[in-house]
Amino acid sequence: MADQDQNDPKSIASPNQLTNKRSSVTAANLAMLIDSDDDDDDDDDQDDLDDDKIDALIKTEDSQPLTTKDVTNMILEKLKNQMLEPMKFSSLTEALETAQEDQNHLIFIVYCVDWFNLARQTYDNFQSIAKDKDILVFFINQSSNDYVKENYNDIAGIPTIKVYYKQIPIKIKRNDLEYEWTDEERLKGFISPTNLQELVNECKDCKNSYDSQQASDSILPLNLEVKLGFLIYKY
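Counting in full-length UniProt numbering, the sequence shown runs from 1 upward without gaps.
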């Protein structure tokens, strides 16, 4: 029997058939396709998935369709693989014990992850202040079981900053009524180097004021707080 003419309408797949076939591309094969595109940095066009390549990966009807969760997991895995230099995390227990026992330093506890570029920028920004003799910085992995158990409502990847001095958590307030919110003991969001330095300076002023009152036998405040003049996106 002669081959069927390619121009025969019966031999042309309907749009619905093509859509169904496209949806059956597996997560594993699409992940391989994305990785292969990244290998060629000289051609920006390789950043986009080529339809012909997707068609080549079309599977039979018994294949599992690509779900939203599959795509999300692939993206997260890709981000993790891009972060080659490991971040140095401490345990939450170690950080909190230091915050309870240390009497000399400002304790910055930064909750972040190592697989999101903006979170890693926050980590890098803190490296400069970590050299300050008055400051100790602890990085806590938001993907750790201990953190997830205690903060299951938080969104992993959005950095959270807490500051302690002499066992007292420093409350962070907005120095602008338009953006003021209820007293909080943490700052959530991505903080720039300039804004981080402002936070450090305000915390140092708070520390010095507390030490001066303690030295003069004045009544010590039960709470410590700082007011920030910059706007950071509040989650």
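Just so you know, even glycine gets a beta-carbon here, dropped at the ideal spot from N, CA and C.
Helix, strand or coil: how does DSSP classify residue i here?
i	result
Glu225	strand
Leu220	coil
Leu187	strand
Ile158	coil
Lys171	strand
Tyr152	coil
Ser23	Confidence is the limiting factor: at Ser23 the pLDDT is only 44, short of 50, which leaves the residue's position unreliable, though a coordinate-based value still follows. Residue state, collapsed to three classes: helix.
With the cut-off set at 8 Å, would you say residue i and residue j are in Cβ contact?
i	j	result
Leu92	Asp146	yes
Thr194	Pro159	no
Ile161	Cys206	no
Tyr164	Ala119	no
Val113	Ala156	yes
Let me check understanding here. Comparing Cα to Cα, which of the options lies closest to residue i?
i	options	result
Phe89	Val200, Met74, Leu76 and Gln127	Gln127
His105	Gln167, Asn73 and Asn117	Gln167
Lys204	Asn151, Glu185, Asp132 and Asn141	Asp132
Arg186	Asn151, Asp102 and Ser209	Asn151
Gly189	Glu94, Phe116, Ile219 and Leu220	Phe116
Gln103	Ser218, Tyr210 and Asp124	Tyr210
Ser192	Met87, Asn125 and Pro86	Asn125
Leu96	Leu76, Ile140, Ala215 and Lys149	Ile140
Met87	Asn208, Gln142, Asn223 and Thr68	Gln142
Please go through the same chain and pick out, in chain order, the residues whose beta-carbon is closer than 8 Å to the beta-carbon of residue i, but skip the five residues on each side of it.
i	result
Ile129	Phe108, Ile135, Val137, Leu196, Gln197 and Val200
Glu225	Ile170, Lys171, Ile172, Lys173, Asp183 and Cys206
Glu202	Val226, Lys227 and Leu228
Ile219	Gln213
Glu94	Phe138
Take residue i and list the residues in its own chain whose beta-carbon comes closer than 6 Å to its own, dropping the five residues that flank it on each side.
i	result
Thr60	At Thr60 the pLDDT is 46, less than 50, meaning the model places this residue with poor confidence and gives no usable figure here.
Lys78	none
Asp217	none
For residue i, which residues of its own chain have a beta-carbon under 7 Å away from its beta-carbon, when the five flanking residues on both sides are left out?
i	result
Glu101	none
Start-end ranges of the alpha helix (DSSP H) lying completely within the segment 89–148, minimum 4 residues | Whole alpha helix (DSSP H) segments, 4+ residues: 92–101 and 117–129.
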